[in-house]
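Novice: Just dropping this structure here.
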Amino acid sequence: MEADELKLLFEVFEDTPRQGPGSVESTRRAFRLLPDSLQVERVLDLGCGTGGSTIVLAQESGAHITAVDIHPPFLATLRARADELGLADRITTVCADMADAASLGTGFDLIWAEGSAYSIGFENALHCWRPLLRSGGCLVVTELVWFVAKPDERARAFFADECPDLRDEATRIEQARKAGYEVLGSFRLPAEDWHAYYRGLELPLRDAIARRGERDVYATLRREGRSTKRAAMTTVTSAWSCRSRQTQANRVC
Ligand SMILES: C[S@@+](CC[C@H](N)C(=O)[O-])C[C@H]1O[C@@H](n2cnc3c(N)ncnc32)[C@H](O)[C@@H]1O
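Under the working numbering, the letters of the sequence shown match residues 1408 to 1660, in that order.
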């Protein structure tokens, strides 16, 4: 996507509570997939957006969260939300490229990435991020996947253009294993997480069109909503909890 299109797209999401499908309940559920023995004191939330997951993690874990995103206005919204909730001292926002692992720090107990790994390529993300975990640290990631062998043709055509690296669950799990993680558990996000996400976009999208006029990027967003609805029986976002098999510090890529 061109830079000016991406800017228009980001603008639509600047005040939305989430920038992808998910919910407070799904973030909590994914958190509960982690082993009881995991001490969670330092968390890295990658592609945090306006902090839909960051806030829940701060509330659930009592940990310090480093929340990373490439778009500064998302982080400004997150800081305002954290302030309102009295969580500001436990959340540090960092504007960085999550592909530049060397800039993100190391020794994290937990890396969290809801709907963001795909931005830098799922496999690449898992490889790059593992060295940022301490030995035995965990990664929780959510990613859109096919979950039927023969997906709806129109949905397949849409995602072939917009998300060519879309894979099935078994492939993603195998990729996580190959990248050095032990997969501890998974679940599929409920359809309501998707519906709520698109419902929440209707008003910001209308506002954006009123301000900027009709643009390709807005049409694509609407087409995505329709395709995802059509594809409701064929794609879904899955959440996985993975533990790094790493036993000693690795070189950061
Ligand atoms: C689909 S949104 C998900 C946001 C949030 N995790 C959620 O579930 O609401 C993906 C996020 O990743 C961020 N992002 C995309 N590419 C990035 C990069 N290279 N480095 C850091 N953040 C990035 C976007 O700005 C956006 O906030």
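C-beta: ideal position from N, C-alpha, C; glycine also.
Source: prediction; values computed, not measured.
Can E1722 and A1586 be called in contact, C-beta distance under 8 Å?
Specialist: Any answer about residue 1722 is impossible in this case: the structure gives the chain only from 1408 up to 1660.
Novice: Would you tell me roughly how many angstroms separate the C-alpha atoms of T1549 and G1512, rounded to the nearest one?
Specialist: Cα to Cα, the separation comes out at about 22 Å.
Novice: Any residue with its Cβ nearer than 6 Å to a heavy atom of ligand 1 should be included. What is that list in chain order?
Specialist: That query returns the following residues: R1425, Q1426, G1427, G1429, G1454, C1455, G1456, G1459, S1460, V1475, D1476, I1477, H1478, F1481, D1504, M1505, A1506, E1521, G1522, S1523, S1526, I1527.
Novice: Please give me, in chain order, every unbroken run of the alpha helix (DSSP H) with length at least 4 that falls completely inside the segment 1569–1625.
Specialist: Entirely contained in the segment 1569–1625, the alpha helix (DSSP H) runs reaching 4 residues are, in chain order, 1576–1585, 1598–1619.
Novice: For the candidate residues C1535, V1547, R1630, whose alpha-carbon lies nearest to that of L1441?
Specialist: L1441 has its Cα closest to that of V1547, out of C1535, V1547, R1630.
Novice: How about G1429 and L1596: do their beta carbons lie closer than 8 Å?
Specialist: Going by C-beta atoms, G1429 is nearer than 8 Å to L1596.
Novice: If you check the beta carbons only, do I1462 and A1489 fall under 8 Å apart?
Specialist: The answer is yes: Cβ separation under 8 Å.
Novice: Can you list, in chain order, the residues of its chain with a C-beta nearer than 7 Å to that of R1652? Leave out the 5 residues immediately preceding and following it.
Specialist: For R1652, where only same-chain residues beyond five positions count, the Cβ hits under 7 Å are G1587, Y1588, E1589.
Novice: Got a sec, what are the start and stop residues for the beta strand (DSSP E) C1502 sits in?
Specialist: Counting along the chain, the beta strand (DSSP E) containing C1502 begins and ends at 1498–1502.
Novice: Measure from the alpha carbon of T1499 to the alpha carbon of each residue in P1571, I1472, C1535, G1514, then state which is nearest.
Specialist: Ranking the options by Cα distance to T1499, first place goes to I1472.
Novice: Does any residue of chain D have a CB that is nearer than 8 Å to the CB of R1633?
Specialist: This model lacks chain D altogether, as it is built from one protein chain only.
Novice: Using a Cβ-Cβ cutoff of less than 7 Å, which residues in the same chain neighbour E1504 once the five nearest sequence positions on both sides are dropped?
Specialist: The amino acid at residue 1504 is misidentified as Glu; the sequence shows Asp. These residues qualify, in order along the chain: I1477.
Novice: Between the segment 1602–1613 and the segment 1627–1635, can you find at least three pairs of beta-carbon atoms closer than 8 Å?
Specialist: Contact between the segment 1627–1635 and the segment 1602–1613 is present, because at least three Cβ pairs lie under 8 Å.
Novice: How many angstroms separate the CA atom of A1562 from the CA atom of V1555?
Specialist: Computed Cα separation, rounded: 12 Å.
Novice: Does the beta-carbon of L1539, which I'm using as the reference point, lie nearer than 7 Å to any heavy atom of ligand 3?
Specialist: No copy of ligand 3 appears in this structure; the ligands present are ligand 1.
Novice: Whether or not the segment 1609–1629 and the segment 1409–1423 are in contact is what I'm after, with contact meaning three or more pairs of Cβ atoms, one per stretch, closer than 8 Å; do they touch?
Specialist: Verdict: yes, contact present.
Novice: Taking the straight line between their C-alpha atoms, what separation do you get for G1592 and V1501?
Specialist: Their Cα atoms are separated by approximately 29 Å.
Novice: Identify which residue in E1448, R1435, G1458 has its Cα closest to the Cα of P1424.
Specialist: Taking only the C-alpha atoms, the option nearest P1424 is G1458.
Novice: Assuming contact is defined by CB atoms lying nearer than 8 Å, are L1451 and L1539 in contact in what I supplied?
Specialist: Yes.
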